[in-house]
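*Asks:*
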Amino acid sequence: MYTPKHFSVDDLATLQAFIRENSFAILVTASGALSASHLPFHLDSATGPYGILQAHMARANPQWREFADGAEALVVFQGAHTYISPSWYEARKAVPTWNYAAVHAYGRPRVIEDRDKALAVIRRLVAQYESPATGPWSLDSLPVEFVDAQLKGIVAFDIPIERLEGKYKLSQNRPPADRERVVAALKQAGGESALGVARLMEALRAKG
Numbered sequence: 127m128y129t130p131k132h133f134s135v136d137d138l139a140t141l142q143a144f145i146r147e148n149s150f151a152i153l154v155t156a157s158g159a160l161s162a163s164h165l166p167f168h169l170d171s172a173t174g175p176y177g178i179l180q181a182h183m184a185r186a187n188p189q190w191r192e193f194a195d196g197a198e199a200l201v202v203f204q205g206a207h208t209y210i211s212p213s214w215y216e217a218r219k220a221v222p223t224w225n226y227a228a229v230h231a232y233g234r235p236r237v238i239e240d241r242d243k244a245l246a247v248i249r250r251l252v253a254q255y256e257s258p259a260t261g262p263w264s265l266d267s268l269p270v271e272f273v274d275a276q277l278k279g280i281v282a283f284d285i286p287i288e289r290l291e292g293k294y295k296l297s298q299n300r301p302p303a304d305r306e307r308v309v310a311a312l313k314q315a316g317g318e319s320a321l322g323v324a325r326l327m328e329a330l331r332a333k334g
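What follows is the structure, given as structure tokens:
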């Protein structure tokens, strides 16, 4: 990922927090032709230097068969993003741009063959997304034979993260007055994307 120094984020805690907050990501592999799947991921941040990602996909999805090659894969975590108008700057000589935040995780996927370990991955994902607001629902509410049948239809896998790249493109290359004007304009525009970028810019400002 092309990342000028002023947009680069390398703090591990920040990157891992971003992954947790934006855990529905794109898995990209390149064994021959490019393949991509949109999947929810669980991050085990306590294992390895950068953590381990865990997920599953349908067994009918041929992408998992590429894991046997041992090739590096890319998981793209996308955060808030929005258009930035040059009319929000003090200087008139400016052009439009796009503010966004993203983290790229690289590693080599490994299929989890063991039934109990695969089930543990599913349990972690359910626990990650279930809450009092959603039920909460539990796998334990299902008959064991039904769960086993469902497990046969998926492939669980993990990816020990070998490197992480973080990019927060949030107007850091503009003067402070311009950044304040951008935040104000985004708040006025409203909407999930604009407000999400405004919050990221304010958090970045608070860190100094």
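To convert, count from 1 in the sequence shown and add 126; that's my numbering.
Glycine included, C-beta positions come from ideal geometry on N, C-alpha and C.
As the structure is a prediction and not an experimental result, all values here were calculated from the model.
(1) So what does Asn225 bridge to, in DSSP terms?
(2) Enumerate, from N- to C-terminal direction, the unbroken beta strand (DSSP E) stretches of 3 or more residues contained entirely within the region 227 to 309.
(3) Once the 5 residues before and after Pro286 are set aside, which same chain residues still bring their CB inside 6 Å of it?
(4) Output needed for Ala324: all residues of its chain with C-beta closer than 7 Å, excluding positions within five of it in sequence on either side, in chain order.
(5) Is Asp284 buried or exposed, if buried means 16 or more other CB atoms sit within 10 Å of its CB?
(6) Please confirm whether Ile280 and His182 have their CB atoms less than 7 Å apart.
(7) Mapping the DSSP letters down to three states, classify Phe167 as helix, strand or coil.
(8) Tell me which same chain residues have a C-beta within less than 6 Å of the C-beta of Phe144, skipping the five on either side of it?
(9) With which residues is Met183 paired in a DSSP beta bridge?
(10) I need the DSSP call for Ser157, collapsed to helix, strand or coil.
*Replies:* Walking through what the data contain:
(1) Thr208
(2) 280 to 295
(3) Gly174, Ile178 and Gly233
(4) Val309, Leu312 and Lys313
(5) buried
(6) yes
(7) coil
(8) Val229
(9) Val281
(10) strand
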